[in-house]
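Residue numbers (the numbering used here): 418 to 1017. All C-beta atoms, glycine included, are put in the ideal place defined by N, C-alpha and C. Inspection log for the structure reproduced underneath, given as structure tokens.
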Amino acid sequence: MSEALDLGFDPNTLRQKYRQERDKRLREDGNNQYTEMKGQFSHYIEDPYCGDVLPREPLTDEVEIAIIGGGFGGLLAGARLREAGLENIRMIEKGGDFGGTWYWNRYPGAACDIESYVYLPLLEETGYVPPKKYVEGKDILAYSQMIAKQYDLYRDVLFQTEVKEVHWDQAVSRWVVQTNRGDAFKARFLVMSNGPLNRPKLPGIKGIDSYRGHTFHTSRWDYNYTGGDVSGNLTRLADKKVGIIGTGATAVQCVPHLAEGAKQLYVFQRTPSSIDERNDRPTDMNWWENQTPGWHQARMDNFNTLVSGGVAEEDLVNDGWTEIIRNLLLMIQTEKDSGLSMEELQAKMELADFQKMESIRARVDAVVDDPRTAEHLKPYYRQFCKRPCFHDDYLPAFNRDNVTLVDTNGQGVDYISEKGVVANGVEYELDCIVFGTGFEVGTDYQRRCGYEILGKGGESLSDHWHAGARTFHGLHVHGFPNLFMMGHTQTGFTANYPHALNEQSKHIGYIITQCQAGNHDVVEASAQAEQQWVDTIVSLARMNEQFLADCTPGYYNNEGKPSERSLQDANYGAGPVAFFQVLADWREEGLMRGLDLNSA
Ligand code: NDP
């Protein structure tokens, strides 16, 4: 009781409330609830930005390194390999230009939700000055293209090209890359950077195909229909009744623009996001010009340490992401006994989390006029169960007369009719439905990347991973020589994703140059190294198992169904700081331990 009085809330009551909210969202079908964008739904993933496919002859030649994906992962791999002196690089990209997630996600309001000075890679190398603390999507897209130009990656790139199959040709020790443009070229090394959220998904609701109005997914925004551009001004919606399904990080950024443009906007909510303040501001040029060489890596490391629960003397980024750890450290510093056990530390962590989320909920009350709407917009789960959001215009949008929040009490909308969306038994007639329903995460890797991956003896990656992911360092797979996987599976994951991609790229650059220097034609993870890494991943993931099981469902916890398989598919549980150190120590050792090397 005294604890409740001191804190201003009762942890037991909150714990119970979180459990109730999670329980009502749990569903048997988990990941299977979503509808895959194929067959009759494949038009949802067509490229609306690029126009006609430019004709070209199929390629059957050979390159040294092929990189699949032109987003930050591919760009960073390309940049680091160029720095290592490698010239013969070919990139393959489904879109019409570089940019990856920022190529596809051009919805109005798209912006970086991590500070630009740590999110944008290669800032010291390119000399680019982000105009704001949280740079807009269109600037990130332009910056991606600037990186490609600076590192001469336009020289041999295949845009508008979808890989259909990659297979290892044992006779010549080369990968063969086959595409939808008739290509079948060889590559000695293959880097796959397909993106963690590249495959949009539709909600698993009956009737999507029967709807007669207009629809699109946020990652393929239809400006022909809405008018305007990434900055908003959706003038063609002025006489339209629009519904958006989903209230994740994407919807939070585009809802204010839909609210401004549409005659009437209905926001269909299953789970509210946590919305903290954004507090964006232009870059202080005085501060910028006083940065000394090495500042960018130091700032990325500082942010990464703090958001991973580590201790740093200073909080350089100093925003909502790092605040929760600041609160925790403050709590521990006030403790007489600083030698807390792991359980005591976790209990403190939970309290700091409760405090943070109480302030998030109080913010909803302070901003949203209608108390009932405000209540529905309050998230009841721990902050890192879902991607935390930061926005100054999202909550105020619900004070507009033309905006209605349709909360579904955790159940999602009922179905889609010919005329609109049915939720809570009520039919909302709509001219347009926008699907802000996110991307596939827990589904089969090959399904998400959209092509077959066949290693030695024709073994498919799906077969090799039938019981869960199997890698060494998240990068190599036994039986799939000269292949490098970039991503988040079995590797260090950080909220600042490009930072992780940068570390992976440096590591790939090191291994390829070592292979060349030693005249090693083939490099492959040993079966033993792979098994040991899988064991490490699973045992570390167990430390986080309870936290995830207690979370509200979402893609962070396999839609509320953490399993042995999802433990194996997890990232490196000791955190990204420790993982980057594992890679650095491994390189420092210089023995290529765990990799089998064969000379030509
Ligand atoms: P999310 O997966 O986060 O959100 C999908 C939304 O759709 C959720 O609100 C979900 O509800 C809802 N939904 C799914 N099915 C139904 C249904 N049947 N009825 C009603 N609602 C439904 O996708 P986003 O595109 O919003 O974000 C994906 C990720 O992209 C983020 O987590 C973030 O990592 C990244 N991102 C990053 C940005 C950046 O600045 N760096 C900006 C935007 C996105 P529920 O929560 O209940 O599942």
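ask   = Using a threshold of 8 Å, is the CB atom of G488 nearer than that to any non-hydrogen atom of the ligand NDP?
value = no
ask   = Below 8 Å, can you find three or more Cβ-Cβ pairs linking the segment 634–648 to the segment 804–823?
value = no
key: Outcome for P613 when other beta-carbon atoms lying within 10 angstroms are tallied against a minimum of 16   = buried
query = With burial defined as no fewer than 16 other Cβ atoms inside 10 Å of the residue's Cβ, what is the status of T667: buried or exposed?
reply = buried
request  = Go ahead and label H883 buried or exposed: buried means 16 or more other beta carbons lie within 10 angstroms of its beta carbon, across all protein chains shown.
outcome  = exposed
request  = Could you tell me how far apart the beta carbons of G649 and P525 are, in whole angstroms, since I believe they sit closer than 8 Å?
outcome  = 5 Å
task = Work out the CA separation of Y551 and D530 for me, nearest whole Å.
result = 6 Å
key: Close beta carbons around N1015, own chain, < 7 Å, minus the five adjacent residues each side   = H937, D938, V939
task = Return the chain-ordered list of same chain residues with a C-beta closer than 7 Å to the C-beta of E579, the five sequence neighbours on each side being excluded.
result = K511, T596, N597, G867
request  = Determine the closest residue to S879 out of F897, F889, H890, with distance taken between C-alpha atoms.
outcome  = F897
ask   = Hey, S561 and N899: beta-carbon distance below 9 Å or not?
value = no
ask   = Who are I850's beta bridge partners in DSSP?
value = T632, G660
inquiry  = Within 10 Å of its beta-carbon, does K566 have 16 or more other beta-carbons around it, so buried, or fewer, so exposed?
reply    = exposed
key: Cβ neighbours of D1013 in the same chain (closer than 6 Å, five flanking residues each side left out)   = E941, S943
ask   = Who are the Cβ neighbours of L757 in its own chain at under 6 Å, not counting the five residues just before and after it?
value = none
inquiry  = Classify T477: buried if its beta carbon has 16 or more other beta carbons within 10 angstroms, exposed otherwise.
reply    = exposed
request  = Under the assumption that P428 contacts L768 (Cβ atoms under 8 Å), give the Cβ distance between them as a whole number of angstroms.
outcome  = 7 Å
key: S627 versus Y568 - alpha carbon distance   = 48 Å
ask   = With DSSP run on the structure shown, which of helix, strand or coil describes S419?
value = Because S419 sits at a pLDDT of 46, beneath the cut-off of 50, its placement in the model cannot be relied upon, and the following sentence gives the value as read from the coordinates. Reduced to three states, the DSSP call for S419 is helix.
ask   = Which residues does DSSP pair with L822 in a beta bridge?
value = V684
message = So if DSSP puts K603 in a beta bridge, which residue, or which two residues, is it bridged to?
response = E479, V593
task = With a threshold of 16 other CB atoms inside 10 Å of the CB of P788, please say whether the residue is buried or exposed.
result = exposed
task = Identify which residue in R778, R698, Y972 has its Cα closest to the Cα of P617.
result = Y972
request  = Using the DSSP secondary-structure output, state which residues sit across from M609 in a beta bridge.
outcome  = I485, M902
query = Helix, strand or coil: how does DSSP classify T452 here?
reply = strand
request  = With a threshold of 16 other CB atoms inside 10 Å of the CB of M508, please say whether the residue is buried or exposed.
outcome  = buried
ask   = So N975 packs on G447, CB below 8 Å; how close in whole Å?
value = 6 Å
key: Residue range of the unbroken alpha helix (DSSP H) whose run includes H460   = Taken as a continuous stretch (DSSP letters only), H460 belongs to no alpha helix (DSSP H), as it is neither H nor E.
inquiry  = Within the continuous alpha helix (DSSP H) that includes I564, where are the two ends?
reply    = 554–567
Presumed contact (8 Å Cβ cut-off) between G1024 and P472, rounded CB distance = Missing from the structure shown is residue 1024; the chain here goes from 418 to 1017 and no further.
request  = Confirm the yes/no value for this check: CB of Q437, any heavy atom of the ligand NDP, distance under 8 Å.
outcome  = no
ask   = Quick one: does the C-beta of A559 sit closer than 8 Å to a heavy atom of the ligand NDP?
value = no
V535, enclosing alpha helix (DSSP H) - first and last residue = 533–536
request  = Confirm the yes/no value for this check: CB of T854, any heavy atom of the ligand NDP, distance under 8 Å.
outcome  = yes
ask   = Does the Cβ-Cβ distance between Q985 and V955 come in under 9 Å?
value = yes
task = Indicate whether S690 and M774 have their beta-carbon atoms separated by less than 9 Å.
result = no
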